[in-house]
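The structure appears right after this line, and notes come after that.
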Amino acid sequence: MISIKQIDKKFGKLTALENVSLELQTGKSYALVGPNGSGKTTLIKSILGLVIPTSGDILFSEKSIRHDWKYRDKIGYMPQIGHYPENMSIGQLFDMMKNIRGENQRSDEELIDAFKLYKMYDKRMHALSGGTRQKVSAALAFLFPAPVYILDEPTAGLDPISTEILKEKIIHERRMNKLLMITSHILSDLEELTSSMVYMFEGKVHFNNTIEQLKHETNEVKLSKALTTFIRQKELVASVSEV
Amino acid sequence: MTRVLKYILYDILRTRFILLYTAFLFISTFGLYQLDSDAGKVVLSLLNIVLMVVPLVSIVFSTIHFFNSYEFIELMLAQPVKRSTVFLGEYMGVACSLCAAFVTGVGVPMLLFGINANALTMLYTGVTLTLVFVSLAFLSSVLTRDKAKAIGIALLFWLYFSLIYDGLLLWVVYSFSDYPLEKITLVLIAFNPVDLARIIMLLQLDISALMGFTGAFYQEFFGSYLGMVLSTLVLFIWIVLPIALAQRIFNRKDL
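Dropping the structure here:
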């Protein structure tokens, strides 16, 4: 579905992504894991065309996304930090998104109902707490049914009940044979939600296989243990070198 | 495009700045008409407002607006919307509202006190200058990620075209006064949209005595009609070039 072909991304002197190649297939769910600043969000933003790679190409359904924009209606995206027009109310925001997408798109308001966001339709975005903002982001990501969902730290800042609601929704979508890509630092969540793992470190992909395979390679039962063992084996510890 | 534009216009109208700007223009034009009974003199006084205030307001407001709608832009770009649609939508939204404010603020008093060709040319120059400076504002907005820096660049553009350029031009004419500079000055004038607007207006008012050296030569060289067409064409380039360049930069920008 999505093939990333040898992309590099440099922000000035800083290399955010280095020769990243990935094949993401429909029906699979990927956990994108790595320490802070390892390039996860840059990779996600590159898929969405928000960040333009320095070199390399990304294909969505065998078509380069370089000058394309229509493919984005096949992606539901939940950003890590949702930036929304601050003086808009929640209701206006949802109306606007529906309006921009066009009348004939059917919308999926399951999460709006489950999070009881309709009770706060008049609240302005600048008055929202971090958690509510996160709920709005989640509801927006799932507002239009799409074959691909990309969620950047979906459960960060959510209360336990909302986290469960969101996880159920993700599992539900996963059963519908969709492509999911989730970044998170909460490994127990990822163990429930995903089957494959991509481990990034300093802009490079170091592991790309199923979680089962990782556990098998490291002889561990739990994902968290398996991952720490993997990191120790490969010595993927931040290189403390004077620049 | 129209859907995106609708929300941009809605956002601009809510800030109320446009209303204040309209009121300011209305009051100053109205006041000038009351101070002087000669419509020609009123237009001449208005010219000074148009040449200084309109570019300043246009460029600063557009730059601030661009950075304030960064969230909206970011949100739209994650949707199936073309980058150029968002960018040109922003341009059109800001340009249309500023032009509407100018035409209402200056045009309504003109209608009340009697409109003529001079007044219409005034409106036309104001609208063109607005478009040019909104264009320059968008260019300064995409040049940097920092709002303060972008406003700095915008103010620099304004300062350069309103004051510094004329000083430089005078200096050149003065230092090389031994040489025949007429044609060179004509070319140099094309590099400043404010000068072009001034010349259009002065050609219309037919007061070459007030235009100084270049203006007088301009009129002699082209005659009123050709001079106006030429200045308009060059002003058009001043609108298109910065926004086209800004669009190119924006299309490759990381968000």
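Protein chains in written order, with this note's numbering: chain A, 3 to 245; chain B, 121 to 375. Note that the Cβ used here is the ideal one computed from N, Cα and C, for glycine as well.
inquiry  = Check whether the segment 241–257 of chain B and the segment 310–319 of chain B are in contact - that is, three or more C-beta pairs closer than 8 Å.
reply    = yes
inquiry  = Give me, in chain order, the residues of the same chain whose beta-carbon lies closer than 6 Å to that of residue 193 (chain B); leave out the 5 immediate sequence neighbours on both sides.
reply    = 206
Length at least 3, wholly inside the segment 124–203 of chain A: the beta strand (DSSP E) runs in chain order = 150–154, 181–185 and 198–203
request  = Determine, using beta carbons only, whether residue 138 (chain A) and residue 24 (chain A) come nearer to each other than 9 Å.
outcome  = no
inquiry  = Since residue 11 (chain A) and residue 19 (chain A) should fall inside the 8 Å C-beta cutoff, what is the C-beta to C-beta distance between them, to a whole number of angstroms?
reply    = 4 Å
ask   = Does the Cβ of residue 114 (chain A) have 16 or more other Cβ atoms within 10 Å, making it buried, or fewer, making it exposed?
value = buried
task = Below 8 Å on the Cβ atoms is my guess for residue 220 (chain A) versus residue 33 (chain A); work out the distance and round it to an integer in Å.
result = Incorrect: roughly 15 Å between the Cβ atoms, too far for contact.
ask   = Distance, Cα to Cα, residue 187 (chain B) vs residue 261 (chain B)?
value = 7 Å
inquiry  = For residue 119 (chain A) and residue 92 (chain A), I'd like the C-alpha separation in whole angstroms.
reply    = 8 Å
ask   = Can a CB atom of chain A be found closer than 9 Å to the CB of residue 192 (chain B)?
value = yes
key: Where residue 5 (chain A) falls: helix, strand or coil (DSSP)   = strand
ask   = Between B:348, B:365 and B:222, which lies nearest to residue 171 (chain B) when the distance is taken from Cα to Cα?
value = B:222
message = Quick check: what's the CA-CA separation for residue 96 (chain A) versus residue 200 (chain B)?
response = 16 Å
inquiry  = Can you tell me whether residue 2 (chain A) is buried or exposed? The criterion is at least 16 other CB atoms within 10 Å of its CB, across all chains shown.
reply    = Residue 2 (chain A) is absent from the structure shown; chain A starts at 3 and stops at 245.
task = Report yes or no: do three or more beta-carbon pairs, one from the segment 124–131 of chain B and one from the segment 210–228 of chain B, lie closer than 8 Å?
result = yes
message = DSSP three-state label for residue 252 (chain B), please.
response = helix
task = Could you have a look at residue 131 (chain B) and say whether DSSP puts it in helix, strand or coil?
result = helix
task = Check the C-beta distance from residue 110 (chain A) over to residue 146 (chain A) and give it rounded, since I have them as a contact under 8 Å.
result = 7 Å
request  = Verify whether the separation of the beta carbon atoms of residue 159 (chain B) and residue 255 (chain B) is less than 9 Å.
outcome  = no
request  = Tell me whether residue 245 (chain A) sits in a helix, a strand or coil according to DSSP, three-state version.
outcome  = Confidence at residue 245 (chain A) is low in this model, with a pLDDT of 44, below 50, so the placement of that residue should be treated as unreliable; the coordinate-derived value is given next. Three-state DSSP puts residue 245 (chain A) in coil, outside helix and strand.
message = If the criterion is Cβ atoms closer than 9 Å, does the pair residue 263 (chain B) and residue 273 (chain B) meet it?
response = yes
ask   = Under 9 Å between C-beta atoms, does residue 323 (chain B) make it to chain A?
value = no
inquiry  = When you compare the CB positions of residue 183 (chain A) and residue 150 (chain A), do they come within less than 9 Å of one another, or not?
reply    = yes
message = I'd like to know whether the C-beta atoms of residue 116 (chain A) and residue 167 (chain A) end up nearer to each other than 9 Å.
response = yes
ask   = If we count the other Cβ atoms within 10 Å of its Cβ and call it buried at 16 or more, is residue 162 (chain A) buried or exposed?
value = exposed
Proximity of residue 79 (chain A) and residue 62 (chain A) at Cβ, strictly below 9 Å = no
task = Give the secondary structure of residue 117 (chain A) by DSSP, where H, G and I count as helix, E and B as strand, and everything else as coil.
result = coil
message = Let me see if you follow: with CB-CB separation under 9 Å, is residue 134 (chain B) close to chain A or not?
response = yes
query = Going by DSSP, what residues sit across from residue 80 (chain A) in a beta bridge?
reply = A:153
Sequence ranges, alpha helix (DSSP H) only - wholly within the segment 202–228 of chain A, length at least 4 = 213–220
message = My output table needs one value for residue 153 (chain B): the three-state DSSP class, helix, strand or coil.
response = helix
request  = Would you check if the distance between the CB atom of residue 122 (chain A) and the CB atom of residue 135 (chain A) is smaller than 9 Å?
outcome  = no
inquiry  = Between the alpha carbons of residue 165 (chain A) and residue 204 (chain B), how many angstroms are there, rounded?
reply    = 37 Å
ask   = Considering only the beta carbon of each residue, do residue 68 (chain A) and residue 77 (chain A) sit closer than 9 Å?
value = no
ask   = Nearest to residue 324 (chain B) by CA position, among B:301, B:269 and B:245, is which residue?
value = B:245
message = Given this structure, state the Cα-to-Cα distance separating residue 39 (chain A) from residue 17 (chain A), to the nearest angstrom.
response = 11 Å
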